[in-house]
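K.L.:
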Amino acid sequence: MPEQTLEMDIGEEAAPIDNEEATLQHHWGGGACLARVLLSCLPTGGDRLRRLNPAIHARATVAGGLDDVFLTNLLLRGYSNLGRLRDARHLFDRMPHRNLVSWGSVISMYTQHGRDDCAISLFAAFQKASCEVPNEFLLASVLRACTQSKAVSLGEQVHGIAVKLDLDANVYVGTALINLYAKLGCMDEAMLVFHALPVRTPVTWNTVITEYAQIGCGGVALELFDRMGIEGVRPDRFVLASAVSACSALGFLEGGRQIHGYAYRSATETDTSVINVLIDLYCKCSRLSAARKLFDCMEYRNLVSWTTMISGYMQNSFNAEAITMFWNMTQAGWQPDGFACTSILNSCGSLAAIWQGRQIHAHVIKADLEADEYVKNALIDMYAKCEHLTEARAVFDALAEDDAISYNAMIEGYSKNRDLAEAVNIFHRMRFFSLRPSLLTFVSLLGVSSSQLAIELSKQIHGLIIKSRNFIGPLCCECSN
1 MPEQTLEMDI GEEAAPIDNE EATLQHHWGG GACLARVLLS CLPTGGDRLR RLNPAIHARA
61 TVAGGLDDVF LTNLLLRGYS NLGRLRDARH LFDRMPHRNL VSWGSVISMY TQHGRDDCAI
121 SLFAAFQKAS CEVPNEFLLA SVLRACTQSK AVSLGEQVHG IAVKLDLDAN VYVGTALINL
181 YAKLGCMDEA MLVFHALPVR TPVTWNTVIT EYAQIGCGGV ALELFDRMGI EGVRPDRFVL
241 ASAVSACSAL GFLEGGRQIH GYAYRSATET DTSVINVLID LYCKCSRLSA ARKLFDCMEY
301 RNLVSWTTMI SGYMQNSFNA EAITMFWNMT QAGWQPDGFA CTSILNSCGS LAAIWQGRQI
361 HAHVIKADLE ADEYVKNALI DMYAKCEHLT EARAVFDALA EDDAISYNAM IEGYSKNRDL
421 AEAVNIFHRM RFFSLRPSLL TFVSLLGVSS SQLAIELSKQ IHGLIIKSRN FIGPLCCECS
481 N
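Using the UniProt record's numbering, the first residue of the sequence shown is number 1, and each one after it goes up by one.
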């Protein structure tokens with residue numbers, strides 16, 4: 001088929017073909033026919049693509065259709081969409097002809113599915129085997145792989161290639177470079193690329209705003225957010241969420257309220273991720289009624305929504321409300337994760353709510369969260385604070401790894417219950433495993449009445465305190481209290 005006719009055929013809007021499998025079985029139909037079938041199911045994917053992509057691949061192989069680079073590139077896309085990386089690579093390795101799209105498709109596929117090592121390796125092969133010059137899409141994919149694998153040296157090399165090709169100011173490459181440098185903590189380099197971009201998308205702005213917020217530079221993040229508005233770039237939901245997070249980190253309630261107002265006016269307030277960070281802001285600024293009002297008005301709540309509200313109650317010492325919210329979450333059909341269970345166990349410990357704590361322990365077992373070390377430590381702490389040391393010890397003895405936090409919780413529990421012998425036993429065991437005692441360890445042991453303390457133990461503790469000089473000041477304050 002002449003090239004012009006082929007382009008016309010595959011450029012037409014692909015209509016659904018009722019009997020695709022029969023078509024594939026009984027006649028070849030040409031690359032354009034098969035390309036049209038693929039184009040009709042690539043956007044939606046699903047079972048139709050899962051069925052037809054391998055069938056078209058097989059038919060094209062038998063009929064010699066793999067010479068058609070356009071068709072094989074579509075097959076690569078199909079396998080990538082289906083997550084069938086091996087099939088895509090098998091096809092790629094057997095392609096008689098490859099173009100830039102072929103290389104870019106497989107590199108992008110590896111990056112999207114977290115196989116950054118394969119993406120980087122294939123890019124190296126491309127540099128050796130291909131005479132073609134990489135375009136902005138291929139470079140952006142490689143830079144994403146460098147970011148995810150923290151390959152800063154290779155990322156700098158790709159940056160050099162982009163400069164030579166005059167692609168460093170391209171919005172796709174520039175955004176990927178900013179993301180690379182920002183994620184690896186090189187904010188000066190990230191901002192140099194940022195300022196050099198002639199056009200900045202919301203994604204570009206969000207990258208720098210988010211990273212500054214995450215490294216504790218909330219003020220810089222908010223300055224960038226203001227500048228974004230001055231330059232006439234409309235923030236999307238991701239930018240708004242990052243800006244609110246910056247306000248939350250700074251405790252900047254008024255700034256958060258202003259962004260809340262903008263989100264309301266721009267109809268972004270209904271976005272779950274934006275509402276979640278607003279709830280977090282109001283909770284951290286002790287505006288629980290505003291946080292709860294937002295939570296109650298949400299059309300859709302995810303696990304983050306529930307855990308944020310639970311954490312908010314805990315941060316403000318409303319432990320009973322946190323526990324009630326936890327059970328409301330389970331009744332709504334949500335499966336609490338390790339973070340939620342850890343948080344609510346802390347509330348149970350603060351209230352000495354042993355009955356509630358045991359119920360949550362049962363949920364932990366049912367949800368197979370017992371292996372989570374944070375959950376185990378929270379269970380030990382909860383039982384110890386509730387003065388149920390037998391149950392605390394049972395969880396402690398089942399620990400897969402020795403953890404200073406668990407030891408401190410047990411020592412504190414035994415000390416509060418005046419059980420010096422067991423407290424000392426755990427203390428010696430802690431030292432045997434070379435775990436560093438904390439200020440809490442010493443305070444707990446010294447909290448037992450002096451008449452009970454053996455003289456040798458007193459000397460050991462005194463010696464350890466002297467060695468750990470950073471404890472002396474705080475410890476004196478604790479003892480004077």
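Just so you know, even glycine gets a beta-carbon here, dropped at the ideal spot from N, CA and C.
Could you check how far apart the C-beta atoms of V173 and A190 are, in whole angstroms? I think they sit under 8 Å.
P.N.:
So it is not a contact: roughly 13 Å between Cβ atoms.
K.L.:
Cutting at 7 Å between CB atoms, please list the residues of its own chain near A182, excluding the five before and the five after it.
P.N.:
Excluding its 5 nearest sequence neighbours in each direction, A182 has C-beta neighbours in its own chain below 7 Å: A190, T207, V208 and E211, listed in chain order.
K.L.:
Leaving out five residues on either side along the sequence, give the residues of the same chain with a beta carbon under 7 Å from the beta carbon of W334.
P.N.:
L303 and W306
K.L.:
If I'm right that R438 touches A404 with Cβ under 8 Å, what's the distance once you round it to whole angstroms?
P.N.:
According to the sequence as given, residue 438 is Ser; it is not Arg. Contact between S438 and A404 holds: CB atoms are separated by about 7 Å, below the 8 Å threshold.
K.L.:
When the Cβ atoms of the stretch 411-420 are set against those of the stretch 385-395, are three or more pairs found closer than 8 Å?
P.N.:
yes
K.L.:
Taking the straight line between their C-alpha atoms, what separation do you get for N276 and Q359?
P.N.:
27 Å
K.L.:
Verify whether the separation of the beta carbon atoms of S149 and D116 is less than 8 Å.
P.N.:
Result yes, Cβ atoms of S149 and D116 sit closer than 8 Å.
K.L.:
For T147, tell me which candidate among L138, F123, L167 and N179 has the shortest Cα-Cα distance.
P.N.:
N179
K.L.:
Would you kindly report the start and end of the unbroken alpha helix (DSSP H) that includes F92?
P.N.:
L85 to D93
K.L.:
For the 8 Å Cβ check, are there 3 or more pairs between the stretch 43-55 and the stretch 92-109?
P.N.:
no
K.L.:
For I215, does the three-state DSSP call read helix, strand or coil?
P.N.:
Coil, per DSSP.
K.L.:
Assuming N319 contacts L351 under a Cβ cut-off of 8 Å, what Cβ separation, rounded to an integer in Å, is found between them?
P.N.:
Contact flag correct, Cβ pair sits at about 5 Å.
K.L.:
Could you tell me which uninterrupted alpha helix (DSSP H) segments, each at least 4 residues in length, are contained entirely in the stretch 86-152, listed from first to last along the chain?
P.N.:
Counting only runs of at least 4 residues, the stretch 86-152 fully encloses the following alpha helix (DSSP H) elements, listed from N- to C-terminal order: 100-112, 116-129 and 136-149.
K.L.:
In three-state DSSP terms, what is S289?
P.N.:
helix
K.L.:
What separation, rounded to the nearest whole angstrom, lies between the Cα atoms of V220 and E254?
P.N.:
Take the alpha-carbon of V220 and the one of E254: they are about 17 Å apart.
K.L.:
Taking just the CA atoms, how far does V274 sit from L288?
P.N.:
For the pair L288 and V274, the Cα-to-Cα distance works out to about 17 Å.
K.L.:
Could you check if K385 is buried or exposed, using at least 16 other CB atoms within 10 Å of its CB as the buried criterion?
P.N.:
Classified as buried, K385 has 16 or more neighbouring CB atoms from the shown chains inside 10 Å of its CB.
K.L.:
Any idea what DSSP makes of M298, helix, strand or coil?
P.N.:
coil
K.L.:
Apart from the five residues just before and just after A196, which ones in its own chain have a Cβ nearer than 8 Å to its Cβ?
P.N.:
Excluding positions up to five away in sequence, the list reads D168, A169 and G174.
K.L.:
What's the C-alpha gap between S102 and L435?
P.N.:
54 Å
K.L.:
Does D68 come out as helix, strand or coil in the three-state DSSP assignment?
P.N.:
coil
K.L.:
Just the Cα atoms here: how many angstroms apart are residue 569 and A32?
P.N.:
Nothing in the structure corresponds to residue 569, since the chain is present only between 1 and 481.
K.L.:
Under DSSP, the alpha helix (DSSP H) around D403 begins and ends at which residues?
P.N.:
Careful: D403 lies outside any alpha helix (DSSP H) and carries neither H nor E.
K.L.:
Suppose contacts are defined by Cβ-Cβ distances below 8 Å. Is L369 in contact with C348 by that definition?
P.N.:
no
K.L.:
Could you compute how far the alpha carbon of N251 sits from the alpha carbon of D402?
P.N.:
The residue you asked about is not Asn; residue 251 is Gly in the sequence shown. Rounded to the nearest angstrom, the two C-alpha atoms are 37 Å apart.
K.L.:
How long is the line joining the alpha carbons of G338 and A63, rounded to whole angstroms?
P.N.:
54 Å
K.L.:
If you follow the alpha helix (DSSP H) that D280 is in, where does it begin and where does it stop?
P.N.:
Taken as a continuous stretch (DSSP letters only), the alpha helix (DSSP H) holding D280 covers T272 to K284.
K.L.:
Quick check on L192: buried or exposed, where buried means 16 or more other Cβ atoms within 10 Å of its Cβ?
P.N.:
By the neighbour-count criterion, in which a residue is buried when 16 or more other Cβ atoms sit within 10 angstroms of its Cβ, L192 is exposed.
K.L.:
Roughly how many angstroms separate the alpha carbons of Y110 and G104, rounded to a whole number?
P.N.:
10 Å
K.L.:
Is it buried or exposed, T204, if we count other Cβ atoms within 10 angstroms and call 16 or more buried?
P.N.:
buried
K.L.:
What residue ranges within the stretch 169-217 form continuous alpha helix (DSSP H) runs of no fewer than 4 residues, ordered along the chain?
P.N.:
171-183, 187-196 and 202-214
K.L.:
Taking its Cβ as the centre, do 16 or more other Cβ atoms sit within 10 Å of H26, making it buried, or is it exposed?
P.N.:
Because H26 sits at a pLDDT of 49, beneath the cut-off of 50, its placement in the model cannot be relied upon, and the following sentence gives the value as read from the coordinates. H26 should be labelled exposed.
K.L.:
Say whether chain D places a C-beta atom closer than 8 Å to the C-beta of R257.
P.N.:
The displayed structure is made up of one protein chain only, and chain D is not part of it.
K.L.:
Count the other CB atoms, across all protein chains shown, that sit within 10 Å of the CB of A263; report buried if there are 16 or more and exposed otherwise.
P.N.:
buried
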